[in-house]
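So the protein sequences, as listed, match chains A and B.
Quick note on the numbering used here: the first sequence kicks off at 1 and runs consecutively.
Quick note on the numbering used here: the second sequence kicks off at 1001 and runs consecutively.
Number of protein chains: 2
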Amino acid sequence: MGAENQQERLDKKWVVGFVDGEGCFHVSVNKMDCMKLGWQVLPEFRIVQHERDESVLYRLKEVLDCGNVVVNHGDRKELRVRGIEDLNKIVKFFEAHELQTTKKDNFNLFAKVISMMNKGQHLTEHGLKEIAKIASLMNRQVRRKYLESSETIRQTRK
Amino acid sequence: MGAENQQERLDKKWVVGFVDGEGCFHVSVNKMDCMKLGWQVLPEFRIVQHERDESVLYRLKEVLDCGNVVVNHGDRKELRVRGIEDLNKIVKFFEAHELQTTKKDNFNLFAKVISMMNKGQHLTEHGLKEIAKIASLMNRQVRRKYLESSETIRQTRK
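Have a look at this one:
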């Protein structure tokens, strides 16, 4: 880390404002044959910045107490939080410090998925379908793979 | 206004975080024959949002105590602040509440232009050239109209 740790700790309200602008709560449901149901639920929280602002990603990591700073694409970096334990920290943070834009609606759906995963519901067919529906309400495009796959359609016709 | 005024006043630190993500400090130098020197300096502060978050623009307007919410493009709205008196409020706000990303560098250049305009320096050839140089260091593309115009090049050869 180094230099970026010398800087003042970011204020939590600042973090919420920045995430209202730049943060992304995202759930994907991906085909993965090695999983019991053939699908993997992958929730993720991300903040992308140009590499010139990489240091602010480390400062965010410090306040949120989780995540890794990795390359996003080209000259863009991201703070990426995956894994249920760390995502529980994210949910707790934004439950305590309320988002102010409609990003809050996405967060609420995201928090619902995390809560279901805490109960292991993503490992049941019913829960997986429910999560796929919630994910399709969030960041629109990508997330319908599960719901629109012919396999899923076949299964639901059973 | 109406409903959006019912909401809680935005925290100033939140505003700084949001502007670090979404705000834009911008100075253009535009050809305008009716101006004494033939060029107009137009500094502007802007926050653009999808219309679904129009209400947050009104809440920002309330905290910053200036600006107008107008259509940006298509389904996007913006809080736009123009005019030296209101821009002085913006400069004062972000001098008191420090930006945390490299957007601060842009802000510092912006503040320098506003300070020069307060002294009327944009109305002198020397000041105008100085402002055009500063503007060219900010949001890169558009701002070089003045410095690259054949007219300006002719003048500086005098």
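Where a beta carbon is used, it is the ideal one built from N, C-alpha and C, also for glycine.
Close beta carbons around residue i, own chain, < 6 Å, minus the five adjacent residues each side
{"i": "residue 1106(B)", "result": "1025, 1138"}
{"i": "residue 121(A)", "result": "127"}
{"i": "residue 100(A)", "result": "20"}
{"i": "residue 156(A)", "result": "Residue placement at residue 156(A) is poorly supported in this model, since its pLDDT is 48, which falls under 50; the coordinates are not used for a value here."}
{"i": "residue 1072(B)", "result": "1048, 1078"}
{"i": "residue 23(A)", "result": "47"}
{"i": "residue 33(A)", "result": "none"}
{"i": "residue 158(A)", "result": "At residue 158(A) the pLDDT is 39, less than 50, meaning the model places this residue with poor confidence and gives no usable figure here."}
Nearest residue (CA-CA) to residue i, options the options
{"i": "residue 118(A)", "options": "75(A), 99(A), 91(A)", "result": "91(A)"}
{"i": "residue 70(A)", "options": "104(A), 133(A), 135(A), 57(A)", "result": "57(A)"}
{"i": "residue 17(A)", "options": "1038(B), 1059(B), 1042(B)", "result": "1059(B)"}
{"i": "residue 86(A)", "options": "72(A), 114(A), 101(A), 99(A)", "result": "114(A)"}
{"i": "residue 111(A)", "options": "124(A), 94(A), 123(A)", "result": "94(A)"}
{"i": "residue 1040(B)", "options": "1028(B), 1046(B), 1054(B)", "result": "1028(B)"}
{"i": "residue 52(A)", "options": "1072(B), 1109(B), 1102(B), 1011(B)", "result": "1102(B)"}
{"i": "residue 1048(B)", "options": "1061(B), 1032(B), 1007(B), 1116(B)", "result": "1061(B)"}
Own chain partners of residue i with C-beta closer than 8 Å, once the 5 adjacent residues on each side are dropped
{"i": "residue 1050(B)", "result": "1075, 1076, 1077"}
{"i": "residue 1143(B)", "result": "Below a pLDDT of 50, predicted positions are generally treated as unreliable, and residue 1143(B), at 44, falls in that range; the measurement from the model is reported next regardless. Excluding positions up to five away in sequence, the list reads 1027, 1028, 1029, 1132, 1135, 1136."}
{"i": "residue 1123(B)", "result": "1036, 1037"}
{"i": "residue 7(A)", "result": "55, 59"}
{"i": "residue 42(A)", "result": "27, 28, 29, 30, 82"}
Cβ-based neighbour list, residue i, same chain, cut-off 7 Å, excluding 5 preceding and 5 following
{"i": "residue 89(A)", "result": "64, 65, 66"}
{"i": "residue 1080(B)", "result": "1044, 1046, 1067, 1068, 1070"}
{"i": "residue 109(A)", "result": "134, 137, 138"}
{"i": "residue 96(A)", "result": "none"}
{"i": "residue 11(A)", "result": "none"}
Supposed contact pair residue j and residue i - C-beta distance, whole angstroms, cut 8 Å
{"i": "residue 9(A)", "j": "residue 44(A)", "result": "About 25 Å separates the two Cβ atoms, so there is no contact after all."}
{"i": "residue 13(A)", "j": "residue 1014(B)", "result": "5 Å"}
{"i": "residue 116(A)", "j": "residue 130(A)", "result": "7 Å"}
Minimum Cβ-Cβ distance from residue i to chain E less than 7 Å
{"i": "residue 18(A)", "result": "Looking at the structure shown, chain E is missing, and the protein chains on hand are A and B."}
Heavy atom of the ligand GTP within 6 Å of residue i beta-carbon
{"i": "residue 1053(B)", "result": "In the structure on display, the ligand GTP does not appear, and there are no ligands present to speak of."}
*Which residues, in order along the region 1035 to 1065 of chain B, keep a beta-carbon less than 7 Å from a beta-carbon of chain A?*
Residues passing the 7 Å Cβ filter: 1052, 1053, 1056.
Q) Closer than 8 Å, Cβ to any Cβ of chain A: which residues of the region 1075 to 1096 of chain B, in chain order? A) Those residues of the region 1075 to 1096 of chain B that come within reach of chain A (Cβ to Cβ, closer than 8 Å) do not exist; the list is empty.
Unbroken alpha helix (DSSP H) runs of length 4 or more, entirely within the region 85 to 126 of chain A: which are they?
The region 85 to 126 of chain A contains these whole alpha helix (DSSP H) runs: 103 to 118.
- Ranges of the beta strand (DSSP E) found wholly within the region 1017 to 1053 of chain B, counting only runs of at least 3: Correct list: 1023 to 1031, 1039 to 1050.
Near-chain A residues of the region 1119 to 1133 of chain B - C-beta to any C-beta below 9 Å
So nothing in the stretch comes that close.
Interface residues of the region 103 to 118 of chain A facing chain B [CB-CB below 8 Å]
Within the region 103 to 118 of chain A, no residue has a Cβ that lies closer than 8 Å to any Cβ of chain B.
Note down, in chain order, all residues in the region 1020 to 1035 of chain B with a beta-carbon under 7 Å from any beta-carbon belonging to chain A. Against chain A - using a Cβ distance shorter than 7 Å - the residues of the region 1020 to 1035 of chain B are 1020, 1021, 1022.
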